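J.:
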Amino acid sequence: MQDKLPERPELDLLIVVTELHAERGAVDRAALQVVARGRGLEVARPLPGLIGAGLVAEITRRPSFLKRLFGARDEVVLAPTEAGRALIAALNGETAVEAAAAEPAAAEGVAPEMPVAVEAAPEEVPVEAPAVPEAAPLVLEPSAPAAPVAEIAATEPLVGQAPAAEVTPVEPAAEDIPVAAAPPRRAPPRPTPARARVIGFTEELGGAPEEVPAIAPVAVDPAVMDGLRELLESLGMEMTMAGEALIGTRIAQGFSAGEALSQLVLFAFAHAIRHDILFHGEMRALGLSEYAIEVMREVEKLRDAGEVGEARFEEDMRALWALLEEAPDRDARLDALLADPVGGAAPVAVLPEDLRSAEETEEEDEGF
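Everything in the sequence shown is counted per this note's numbering, starting at 1 for the first residue and increasing by one.
(1) For A349, which of helix, strand or coil comes out of DSSP?
(2) Can we say the region 262 to 274 touches the region 309 to 322, given the rule of at least three CB pairs closer than 8 Å?
(3) Helix, strand or coil: which one does DSSP assign to R61?
(4) For the beta strand (DSSP E) that A79 lies in, which residues bound it at each end?
(5) Are there any heavy atoms of the ligand PLP lying less than 6 Å away from the beta-carbon of A86, as far as the coordinates show?
(6) Using alpha carbons as the reference points, say which of V34, R39, G38, L11 lies closest to P46.
(7) Which value, in whole angstroms, describes the spacing of the CA atoms of G52 and V27?
(8) Taking the alpha-carbon positions, what's the V34 to R250 distance?
(9) What is the DSSP secondary structure of V56, counted as helix, strand or coil?
(10) What is the rounded straight-line gap between the Cα of D74 and the Cα of A223?
(11) With DSSP collapsed to three states, give me the class of M407.
(12) With burial defined as no fewer than 16 other Cβ atoms inside 10 Å of the residue's Cβ, what is the status of E7: buried or exposed?
(13) Give me the Cα-Cα distance between A311 and P341, rounded to the nearest whole angstrom.
(14) Note down, in chain order, each residue of its chain lying with its Cβ closer than 7 Å to the Cβ of H21, except the 5 sequence neighbours on either side.
(15) Measuring CB to CB, does V77 end up less than 7 Å from T240?
(16) Starting from A319, follow the alpha helix (DSSP H) in both directions and report where the run begins and ends.
(17) Distance, Cα to Cα, V17 vs L32?
(18) Using DSSP with H/G/I as helix, E/B as strand and the rest coil, what is V27?
(19) Is it the case that the Cβ atoms of G254 and L302 are separated by a distance below 7 Å?
(20) Is L355 closer than 7 Å to L261 when the C-beta atoms are compared?
(21) Could you check the C-alpha separation between G54 and G306 for me, to the nearest Å?
(22) Using alpha carbons as the reference points, say which of L235, K67, L246 lies closest to A346.
(23) V35 by DSSP, collapsed to three states: which one?
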C-alpha cells in the first residue's frame, strides 16, 4: 500500500478500472469513458495520475499480420497493476470492517419501529363502500309518453304531405347530341435519307475520337488500400489503377476488403486468359494454371482467417476454375464476366514477368 493515498477522483476511477478488468479483461479507453461518465466520473484528468503512480498500466496490443494488411492498427488498453489491486483490496477490507461495526447500531435503531407499522395497518381496513342502492330512484319515467307520439307519427299522415312523384328520365334525341369534330390528321414524317458509313483514319475524318469517361473514384482508407497492394505483391501481382477502382467500387457496394481482393484476383486472371486466347496459349505454356492454383490457395487462407466470406470465396474461385478449364462455354463465361463496367474495362493487376511473353515485356519497357 502506498504511503499517500490518491485523490478521491483518482480512487473512484481506479475502482472502475478494477471492476471492468475483472469482468472483461483489459479495458478499452472508450469503454472506460462510457462507464465512468455513466457514474459521473472524470477520466481525462485522473487517468494520467493513476498511470504515473503505477496503479494503472497501459498495454499495447498489436494485431496479426493479416489484420495489419487490411488496415488494423495497434490498440492501447488499460489494466490495474499489482499495486493498484492491492490498494483496492486493502480499501475493501477497511470498508467491510466499518460496515460490520455499523450493522448492530443500525439493527437497534430499526427494531422499535417495526411494531408501529404493523399496528397502524388494521385501523385503515374498515372502509365502507358508498351506498349504491340509493341511486335506483333516479330512473326517469317521462320517457313512456314518447311511444304514443311515435305511433301517431307512424299511423297518421301529415297534412299537406303528398306522395313523391316518380320522375322518368328523358333521353335526348340523337339529333340534339353534339358530335365532336375529328382531329386533323398529321402528315406522315418524311423519311430521313440514309447516310453513307464513312470508315477512315483520324486525319481523313478530322478531329480526335471522344475519350471514354473515367470511372468515378471511390474513397477508400489509404491504410486498407496499401495493405491490399502489399498482399497482392506478395502473390507476385501488381495492382493497377483499374484495380484500385475495382476495390473502391466493391467496398462501396458492401464487400469487405478481403472479398474485394478476391474479386480483383478473379478479374486479373480473366484478363490474362483472354490475352492467352488471343496469343494461342503462350501464358498457359509458361505455367498460368499452376500459378492460378497457388493464388487460389492463398485466397483460401484469407477465407479461413475470416477475411473472405464463404459464399464469395466459393463463387469467385469456382468461376476462376471454370475459366482455367478448356470447356466449350469458356468463351461465353469470359465474355459475361468481362462485361462488368469496372472489372472488365482494363486489366486490374499485372501478372509476374515469368508468365508474360518477351514481346509484351518489351512493350511495357518502351512505355516506361
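For glycine and all other residues, C-beta sits at the position ideal for the given N, C-alpha and C. Treat the numbers as computed from the prediction; the structure is a model and nothing was measured.
T.: This is what the structure holds:
(1) Within the sequence shown, the letter at position 349 stands for residue 349. A349: strand per DSSP, three-state reduction.
(2) yes
(3) Counting from 1 along the sequence shown, the entry for residue 61 is found at position 61. Three-state DSSP puts R61 in a strand.
(4) Your numbering for residue 79 matches position 79 in the sequence shown. From DSSP, the beta strand (DSSP E) with A79 extends over 75 to 80.
(5) Absence of the ligand PLP is noted for the structure shown, with no ligands found whatsoever.
(6) Taking the sequence shown and counting its residues from 1, one reaches residue 46 at position 46. Answer by Cα proximity: L11.
(7) Walking along the sequence shown from the start, residue 52 turns up at place 52. Walking along the sequence shown from the start, residue 27 turns up at place 27. If I take the Cα positions, the gap works out to 18 Å.
(8) For the purposes of this step, residue 34 is taken as the residue at position 34 of the sequence shown. For the purposes of this step, residue 250 is taken as the residue at position 250 of the sequence shown. If I take the Cα positions, the gap works out to 34 Å.
(9) Taking the sequence shown and counting its residues from 1, one reaches residue 56 at position 56. Looking at V56 - three-state DSSP - the assignment turns out to be strand.
(10) Counting from 1 along the sequence shown, the entry for residue 74 is found at position 74. Counting from 1 along the sequence shown, the entry for residue 223 is found at position 223. Taking the straight line from one Cα to the other gives about 13 Å.
(11) In the structure as shown, the chain begins at 1 and stops at 368. Residue 407 is therefore absent and cannot be evaluated.
(12) The residue you call residue 7 lines up with position 7 of the sequence shown. Label assigned to E7: exposed.
(13) To locate residue 311, count along the sequence shown from 1; it is residue 311. To locate residue 341, count along the sequence shown from 1; it is residue 341. About 23 Å.
(14) Along the sequence shown, read from residue 1 onward, the residue named residue 21 stands at position 21. Around H21: V27, A79, P80.
(15) Stepping through the sequence shown from its first residue, residue 77 is reached at position 77. Stepping through the sequence shown from its first residue, residue 240 is reached at position 240. Taking 7 Å as the Cβ cut-off, V77 and T240 do not qualify as a contacting pair.
(16) Taking the first residue of the sequence shown as 1, we reach residue 319 at position 319. Run containing A319: 310 to 324, per the alpha helix (DSSP H) assignment.
(17) Numbered from 1 along the sequence shown, position 17 holds the residue referred to as residue 17. Numbered from 1 along the sequence shown, position 32 holds the residue referred to as residue 32. Taking the straight line from one Cα to the other gives about 7 Å.
(18) As a working note, residue 27 is residue 27 in the sequence shown. If DSSP states are grouped into helix, strand and coil, V27 belongs with the strands.
(19) Mapped onto the sequence shown, residue 254 falls at position 254. Mapped onto the sequence shown, residue 302 falls at position 302. No, these two residues do not count as a Cβ contact at 7 Å.
(20) Numbered from its first residue, the sequence shown carries residue 261 at position 261. Numbered from its first residue, the sequence shown carries residue 355 at position 355. No.
(21) Residue 54 sits at position 54 when you count from the first residue of the sequence shown. Residue 306 sits at position 306 when you count from the first residue of the sequence shown. If I take the Cα positions, the gap works out to 38 Å.
(22) The sequence position of residue 346 within the sequence shown is 346, counting from 1. Considering only alpha carbons, the answer is L246.
(23) In the sequence shown, the residue the question calls residue 35 occupies position 35. V35 falls in the helix class under three-state DSSP.
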